[in-house]
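Notes for the one structure printed next.
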Amino acid sequence: MKVNLARPDITEAEIEAVCEVLRTPNLSLGPKLREFERAFEQYIGVKHAIAVNSGTSGLFLCAKAMGWGPGDEILVTPFTFICSVTVPMMVGATPVFVDIDPVSLNMDPSKIEEKITAKTKAILPVAVFGNPAGMDEICRIAEKHNLEVLEDSCEALGSILNDKKVGTFGKMSAFAFYPNKQMTTGEGGIILTDDDNLAAMCVSLRNQGRGRGGGWLAHDRMGYNYRLSDINCALGIVQLSRIEEFVQKRANVARMYQDALAGDDRLMLPQAPENSRMSWFVFVVRLAEQYTQAQRNTLLKKMLARGIQVSNYFPPVHLQPFIAEQYGCKIGDMPVTDTVVKGTIALPFHNHLTKDDIQLVCKELTACLDEL
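Under numbering that gives the first Met the number 0, the letters of the sequence shown match residues 0 to 371, in that order.
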């Protein structure tokens, strides 16, 4: 590929931090774990951070700790990575889809209340692509109806709405550190909460259900092995120390794309909401509505053939075959999502992109559009 879709930003500082851990006997549950968690508590401004092996694991442990289960309905978005929907399923709860806002692509707050029933227990909003739009309004609706909010913040580290950091809106939240995210630990995630009891439950569940002070082989409950190694944590400590640098770099790349593609009415460009800072997980443009999904797919193939790695972020989760079959979902249930997903194109997006890279991507994109 001439230009890759994603690439982590790793320096000698990260490499040395990992090597330093490898020179010690403390590869797991060592001092780097708590150092990483404390750094996150300070950065986000929460009481508890619990590091885990993925964002999915983090959301799952939150759902378990919050007591979700059979008979509960959880309001979710159909436009997201699949774990935002499968996590409620994994604990036996029922995901109930709420269509998205056509601009932010997040769950549309105006469509939430019509989905609330006597069985609704919580809302699981996602800051899609790092966009925090609607989080405050969603929390107001949740409070009005006495519902819990679990934030899926996996794509939004560093995002801020009205001076409030993403990850602090809900009762609990989870971030993810896959290599294409704003920062990485290779694989990993973290849970955030101000609730002492929820935090203690997640610490136990993360480590095979062990209790505090009960000994290594004393288990208070059934748990899981969702630990994050000190190797991963050492990488994360350095990465987190650079997060403001990363957010600025990503904002610069987004701005270069917006400048280069401005004025092309065949494309709809993403924009950060007012009174916010968007940390830009990916940069997703959308084809104008006159284009078909087949034309979008043709364009993706043309871009790949030209050496530009692109993708269709996101296919609709409610139409994934096993979910559609289980819950009877069909095309037309989520009309805004149906329209949006036909035209999404995730362009190459990472800290290393130069102005020349951006110009090449946009030149090839324009050429491919001309050929449709």
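By construction, the Cβ of each residue, glycine as well, lies at the ideal position given by its N, Cα and C atoms. Just so it is clear, the structure is predicted and the values come from calculations on it, not from any experiment.
What's the gap between the Cα of residue i and the Cα of residue j?
| i | j | result |
| --- | --- | --- |
| K329 | I115 | 20 Å |
| I230 | Q292 | 43 Å |
| N145 | L260 | 44 Å |
| R249 | M255 | 10 Å |
| P101 | T343 | 12 Å |
| G185 | R209 | 26 Å |
| L352 | G133 | 30 Å |
| C201 | M277 | 28 Å |
| L299 | V309 | 6 Å |
| S53 | P178 | 11 Å |
| N3 | N311 | 14 Å |
| I111 | A198 | 28 Å |
| I159 | V281 | 16 Å |
| S172 | A12 | 29 Å |
| R6 | V252 | 13 Å |
| E72 | C361 | 43 Å |
| F348 | D219 | 44 Å |
| Q238 | N196 | 29 Å |
| N274 | N130 | 12 Å |
| P69 | R205 | 22 Å |
| I190 | G66 | 16 Å |
| P334 | D193 | 37 Å |
| V90 | K1 | 43 Å |
| G166 | A141 | 16 Å |
| T297 | L368 | 10 Å |
| N161 | C18 | 40 Å |
| K180 | K164 | 17 Å |
| Y42 | T23 | 27 Å |
So, helix, strand or coil for residue i, using DSSP?
| i | result |
| --- | --- |
| T343 | strand |
| I9 | coil |
| A199 | helix |
| K362 | helix |
| N296 | helix |
| K354 | helix |
| H218 | strand |
| V283 | strand |
| I159 | strand |
| K164 | strand |
| V379 | The requested residue 379 does not occur in the structure, where the chain is confined to residues 0 to 371. |
| S83 | helix |
| E150 | strand |
| R209 | strand |
| I307 | strand |
| V17 | helix |
| L371 | coil |
| V237 | helix |
| N231 | helix |
| M302 | helix |
| A125 | Inspection of the sequence shows that residue 125 is occupied by Val rather than by Ala. Here V125 sits in strand by DSSP. |
| M277 | coil |
| V90 | coil |
| V102 | coil |
| L266 | strand |
Using a threshold of 9 Å, state whether the C-beta atoms of residue i and residue j are closer than that.
| i | j | result |
| --- | --- | --- |
| A50 | F59 | no |
| E150 | A175 | no |
| R305 | A217 | no |
| K46 | A92 | no |
| F128 | V283 | yes |
| P94 | I307 | no |
| M302 | L364 | yes |
| Y223 | S56 | yes |
| P87 | N105 | no |
| Q247 | Q257 | no |
Residue range of the alpha helix (DSSP H) that residue i falls in?
| i | result |
| --- | --- |
| S172 | Careful: S172 lies outside any alpha helix (DSSP H), inside the beta strand (DSSP E) at 171 to 175. |
| D135 | 134 to 143 |
| E244 | 242 to 260 |
| K120 | Careful: K120 lies outside any alpha helix (DSSP H), inside the beta strand (DSSP E) at 119 to 122. |
| G129 | Taken as a continuous stretch (DSSP letters only), G129 belongs to no alpha helix (DSSP H), as it is neither H nor E. |
| E34 | 30 to 43 |
| F59 | 54 to 64 |
If you drop the 5 nearest sequence neighbours on each side, which residues of the same chain put their C-beta closer than 7 Å to that of residue i?
| i | result |
| --- | --- |
| S27 | R226, S228, D229 |
| T336 | P77, F78, D98, I99, P315 |
| K455 | Since the first residue shown for the chain is 0 and the last is 371, residue 455 is missing from the structure and cannot be characterised. |
| S83 | V75, T76, L123, V125, D151 |
May I ask which residues mark the beginning and end of the beta strand (DSSP E) holding residue i?
| i | result |
| --- | --- |
| P94 | 93 to 96 |
| A48 | 47 to 51 |
| E324 | From DSSP, E324 is part of no beta strand (DSSP E) but of the alpha helix (DSSP H) over 320 to 326. |
| I73 | 72 to 75 |
| G188 | 188 to 192 |
Suppose the cutoff is 8 Å on Cβ atoms and the five residues either side in sequence are ignored; what does the same chain contact list for residue i look like?
| i | result |
| --- | --- |
| E136 | P108 |
| W215 | R209 |
| Y290 | R265, K341, G342, L371 |
| K170 | M65, E147, V148, L149, T192, D194, L197 |
| I242 | Y42, L156, G157, Q181, M182 |
Leaving out the 5 sequence neighbours to the left and right, which residues in its chain are closer than 6 Å to residue i when beta-carbon positions are compared?
| i | result |
| --- | --- |
| F168 | M134, C138, E150 |
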